[in-house]
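Comments concern the structure below.
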Amino acid sequence: MQASVLRPPSKLEYGLLLAGFLAMYIPTYVTLDRDVWSVVGQGHGPVMVALTLWLAKQRWPALMALDQAPGNLTRALGFAAVLLGLAMYVLGRSQNHNGLDAGSQIPLFTGLLLMYGGWPAVKLMALPLVFVITVVPLPGSVVAALTGPLKSGVSVVAEHILHWLDYPIGRAGVTLVIGPYKLLVADACAGLNSIFALEAIGVFYLSLQQHTERSRNVILALLILPISFASNVLRVIALVLITYYFGDEVGQGFVHEFAGIFLMVVATVLTIATDTLLGLTVYRRKRAA
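Using the working numbering, read the sequence shown as starting at 56 and increasing by one per residue.
Okay, structure coming up:
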């Protein structure tokens with residue numbers, strides 16, 4: 056049977072849960088910062104954590120306002136999810152597996168939401184839970200399998216654009232040759248991780264806009280992937296041109312590190328521009344009609 060009133064966690068329970076989370080996951084994030092986020096192309100991790108916390112904070116009052124307790128079956132499922140999360144955490148920490156370690160947050164948080172608030176709580180916090188996925192390091196085999204085609208595609212498009220602009224550009228695989236310089240399009244420049252981060256930022260933008268037209272949200276969500284690809288192409292072109300005009304030392308120095316920020320800015324601007332264009336054309340006509 057369903058209870059009629061939700062009993063929220065007491066202050067003691069909140070304190071114990073918070074202390075447990077800090078004790079478990081502070082070492083996890085320290086490890087991620089040392090072993091994963093410090094790698095070129097993985098620096099988006101802290102940004103994703105900040106966005107996740109912000110999304111959770113925005114939904115917290117609505118979560119506390121839920122007034123129907125979950126049934127026994129839902130609580131049992133939640134308890135099972137918590138046990139799964141704890142098992143993943145123990146295995147991940149003991150075996151130095153960052154994916155299992157960080158990924159354990161998802162079943163653990165989902166299980167606690169089911170135990171205290173049921174499926175309405177999970178639905179309410181679905182977007183923050185999805186953003187937690189962006190913090191979890193992907194398996195190396197998956198990254199390697201998907202990064203190759205992405206790098207090839209970015210290299211081909213960048214070469215064609217620069218050739219069309221009459222630059223002395225050539226390509227051998229994922230290596231671009233311009234003048235006396237050879238530039239390898241590395242995983243960080245056009246890999247799966249950057250696409251993944253840009254997808255997350257696009258979804259975050261959609262959550263902020265809260266368009267009432269469902270089709271507009273769907274169109275924007277589908278366009279995030281080509282926008283991410285185009286942003287990576289522009290990043291590679293920018294690095295190639297900077298190297299061509301100012302030398303390898305400039306192109307592979309600070310500017311190369313700054314290119315990650317440039318990538319995020321370009322993707323955000325393209326997303327906003329696409330959304331604005333949709334609003335001024337298709338959906339303006341619909342509203343007028």
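Glycine included, each C-beta is placed from N, C-alpha and C at the ideal position. Only a predicted model underlies this, so the values are computations on that prediction, with no experimental measurement involved.
- Fewer than three Cβ pairs drawn from the segment 156 to 173 and the segment 210 to 225 lie within less than 8 Å of each other, which leaves the two stretches out of contact.
- Shown here for L87: same chain residues with a beta carbon closer than 8 Å to its own, the five before and five after excluded, namely G100, N153, A157, V190, P192 in chain order.
- For G166, DSSP records no beta bridge to any residue.
- In this model, S93 and E214 are separated by some 29 Å (Cα to Cα).
- Taking A322 as the centre and dropping the five residues before and after it, the same chain places the C-beta of L253, I256, G257, I282, S283, S286 closer than 8 Å to its C-beta, in chain order.
- Sequence-distant Cβ neighbours of L231 in its own chain, meaning closer than 7 Å and more than five residues away, are S210, A213, E214, I224, L238, V240, V295.
- By DSSP's assignment, G225 forms a beta bridge with V232.
- By the criterion of a C-beta distance shorter than 7 Å, F134 is surrounded in its chain by G166, M170, once the five residues flanking it on both sides are discounted.
- Annotation: I279 to H266 spans about 16 Å, alpha carbon to alpha carbon.
- Under the 8 Å Cβ criterion, the segment 173 to 180 counts as touching the segment 110 to 128, having at least three qualifying pairs.
- By the beta-carbon neighbour count (other beta carbons within 10 angstroms, threshold 16), D330 is buried.
- Taking I216 as reference, the option from L73, V291, L128 with the minimal CA-CA separation is V291.
- Comparing C-alpha distances from V91 to each of P194, F186, T107 shows the shortest one belongs to P194.
- The beta carbons of Y260 and T336 sit no closer together than 9 Å.
- Relative to the Cα of F76, the nearest Cα in the group N127, L182, I233, L141 belongs to L141.
- In the DSSP assignment, Q113 falls within the alpha helix (DSSP H) that extends over 100 to 119.
- Secondary structure at L184: helix, using DSSP grouped into helix, strand and coil.
- No residue range can be given for V91, since it is assigned to no alpha helix (DSSP H) and is classified by DSSP as neither H nor E.
- Nearest neighbour of V320 by Cα position, chosen from L263, D303, L289, turns out to be L289.
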